[in-house]
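Sequences listed follow chains A and B, in order.
So the first sequence is numbered by the working numbering: it starts at 1 and just counts up by one.
So the second sequence is numbered by the working numbering: it starts at 1001 and just counts up by one.
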Amino acid sequence: DGGITQSPKYLFRKEGQNVTLSCEQNLNHDAMYWYRQDPGQGLRLIYYSQIVNDFQKGDIAEGYSVSREKKESFPLTVTSAQKNPTAFYLCASSPQHTTATSYGYTFGSGTRLTVV
Amino acid sequence: SQQGEEDPQALSIQEGENATMNCSYKTSINNLQWYRQNSGRGLVHLILIRSNEREKHSGRLRVTLDTSKKSSSLLITASRAADTASYFCATDARTNAGKSTFGDGTTLTVKP
């Protein structure tokens, strides 16, 4: 079945550590996205990628980094510079970025990151 | 502030009743989408309505769009306990095409 797989489902980070969240899709979608969701709130865009080897900052990119070396994969690294990383992180994809809002996004099941 | 804002923040109804939730936005849009999120899960795309459309149906879902009032509503008819979830609107502003802005959502509880 086609879809997006995020791993791990739960992740615990110590203060000062970098952690990487995985996102893999087998939908052959060009565009991929990372969103952050805080309790009781909507989604805020961290980074997005329209094509392999290209990515752009979203609204809250500070303290995060991404790479897009393969079409299927768009990992997100939460660096120690992100002062409040505890949140629910969602990865999404769409056939193309310019038409993403015409067809909707496909979301993964999310990774819940907690700082301990 | 968010482009899309849902109202009410929370809604509790009995099974079989209809549920209506609203979304207001600030700037002109190309289209508006509604998503559902079950607790602790990702979002599922429900329906998209374009700026030149006024109403769309999908099963028990009915979405309306009033561009003059910059608002949309999602109606779920004959609700079921399985409809319990958070519902989000996402707007694609004409000045920000390709990137959707999500509201804070309406949490719907359907009591059996």
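Glycine is no exception: its CB is placed at the ideal position from the N, C-alpha and C atoms.
Secondary structure at residue i, three-state DSSP: helix, strand or coil?
i	result
ASP1083 of chain B	helix
TYR103 of chain A	helix
VAL52 of chain A	coil
GLY108 of chain A	coil
ASN18 of chain A	coil
LEU27 of chain A	coil
ARG1060 of chain B	coil
ARG1041 of chain B	coil
GLN41 of chain A	coil
SER86 of chain A	Correcting the residue identity first, residue 86 of chain A is Thr in this sequence and not Ser. Here THR86 of chain A sits in coil by DSSP.
Which residues in chain D have a C-beta closer than 8 Å to the C-beta of residue i? List them in chain order.
i	result
GLY110 of chain A	The chain labelled as chain D is not found among the protein chains of the depicted structure, namely A and B.
Could you tell me the alpha carbon to alpha carbon distance between residue i and residue j, rounded to whole angstroms?
i	j	result
GLY63 of chain A	LEU76 of chain A	11 Å
ILE1049 of chain B	GLN17 of chain A	43 Å
LEU1011 of chain B	THR1020 of chain B	9 Å
TYR89 of chain A	SER109 of chain A	9 Å
GLN118 of chain A	TRP1034 of chain B	Only positions 1 to 116 of chain A appear in this structure, which leaves residue 118 of chain A out of reach.
What residues in its chain sit with their C-beta under 7 Å from that of residue i, if we drop five residues either side in the sequence?
i	result
ALA1085 of chain B	ARG1036, GLN1037, ASN1038, LEU1108
SER1079 of chain B	ILE1013, GLU1015, GLY1016, GLU1017, ASN1018, ALA1019, VAL1110
ASP54 of chain A	ARG68
So, residue i versus residue j, is the Cβ gap smaller than 9 Å?
i	j	result
VAL1114 of chain B	GLU1015 of chain B	This structure does not reach residue 1114 of chain B, given that chain B is present from 1001 up to 1112, and the question cannot be answered.
Tell me which residues share the same chain as residue i and place their Cβ nearer than 8 Å to its Cβ, disregarding the 5 neighbours each side in the sequence.
i	result
TYR103 of chain A	SER94, PRO95
Tell me residue i's beta-bridge partners as DSSP assigns them.
i	result
ASN1031 of chain B	B:ARG1050, B:ASP1092
ASP1007 of chain B	B:ASN1022
GLN1014 of chain B	B:LYS1111
Beta-carbon within less than 6 Å of residue i's beta-carbon, same chain only, minus the 5 sequence neighbours each way: which residues are those?
i	result
GLN1002 of chain B	Because GLN1002 of chain B sits at a pLDDT of 49, beneath the cut-off of 50, its placement in the model cannot be relied upon, and the following sentence gives the value as read from the coordinates. Here the set comprises GLY1103.
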